[in-house]
Structure formats: structure tokens, C-alpha cells
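First residue of the sequence shown: 2, per this note's numbering; consecutive thereafter.
All residues carry an ideal CB built from backbone N, CA and C; glycine is no exception.
As C-alpha cells, the structure follows; a few thoughts come after it.
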Amino acid sequence: MAALNLISLNGTELTDQGRTFNEVNNEKVVDIELANGGLRRDLKGRKKTFSFSWDWCPNSSADTYDAKGGRDAIRAAAFSGTSMVLVLRSHPTNAASTYRVVLSNYTEDLLKRDYVSNRYFYNIKLDLTEV
2 MAALNLISLN
12 GTELTDQGRT
22 FNEVNNEKVV
32 DIELANGGLR
42 RDLKGRKKTF
52 SFSWDWCPNS
62 SADTYDAKGG
72 RDAIRAAAFS
82 GTSMVLVLRS
92 HPTNAASTYR
102 VVLSNYTEDL
112 LKRDYVSNRY
122 FYNIKLDLTE
132 V
């Protein structure tokens, strides 16, 4: 997929600073044995998996270069409920793609604490699965 210009999770725009993105289509296929001994393959469903990661992401949106949600906003949006709305847009003039997703995985590693300026930097990994 092309580089994303906008990521919104439950209405919160998330920063592009240090972000990577991957989208995978998952298909659930079931093999059915027929009475004549043959096999038929049925497609039971398609779901997408979205993987995001941020390197050196500041905790506050005030410290991101695009003033969009930093680590605190990402964490709050990820744990805001059981089902979330993900909006992806590759260019400001393009139509947005909207998905209903659930949290699959969230991990963060604290990289640096700056006690003087009260800034924290994290590596974050967020995986979402389409419902």
C-alpha cells in the first residue's frame, strides 16, 4: 500500500513521525470433501490485518513534528474499547477507507526519559485485525 497520509483510530489522528505500516489480507479457506471423492474449496471470509510501528515516538502530541497524537494518544485509542474504527487515507484528496477493527497486539518499549523537559520516547508496535 502507498504511504499513508492520515491514520485515525476512534477519531484520534495518529502521528506519522517514525511510523511504518503494513496491511495483510487474510483469507479463511475450508476444504470440503464431496460425495464423489473430490474436494471443493470454499472461501469463508476475508479479513485484513494492519500492523503499525513507531520508532522514537514522543509521548505528547506537542512533541511530534506534525502535532498529531503521540504515544499517549496511541495507547489511549488502542485501549479505548473492544471494537474501534480505523480510517486510512493515502492522500488528502483521496477518499478514506474505513474499517472496524479489534486490537490484536500492543507493545511499547521506553527508549529515553528526559526528566528536565518531561519528555519520553518509545518504540511502539500496534496490530489491528478487521472484524
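query, result
"Residue 35: which of 28, 29 and 43 sits nearest, CA to CA?", "43"
"Assuming residue 73 is part of the alpha helix (DSSP H), what are its boundary residues?", "72-79"
"Please check the pair residue 72 and residue 123, which I expect to be a contact at CB under 8 Å, by giving their CB distance rounded to whole angstroms.", "5 Å"
"Just the Cα atoms here: how many angstroms apart are residue 2 and residue 70?", "Only weak support is given to the placement of residue 2: the predicted model assigns it a pLDDT of 46, under 50, and the question is left unresolved by the model."
"Using 8 Å as the threshold, is the C-beta distance between residue 47 and residue 26 below it?", "yes"
"Check for me: the beta strand (DSSP E) holding residue 117 runs from which residue to which?", "First-last for residue 117: undefined, no H or E at that position."
"If you run the structure through DSSP and keep just helix, strand and coil, what is residue 105?", "strand"
"Can you check which of these residues, 104, 98, 118 and 49, is closest to residue 75 by C-alpha distance?", "104"
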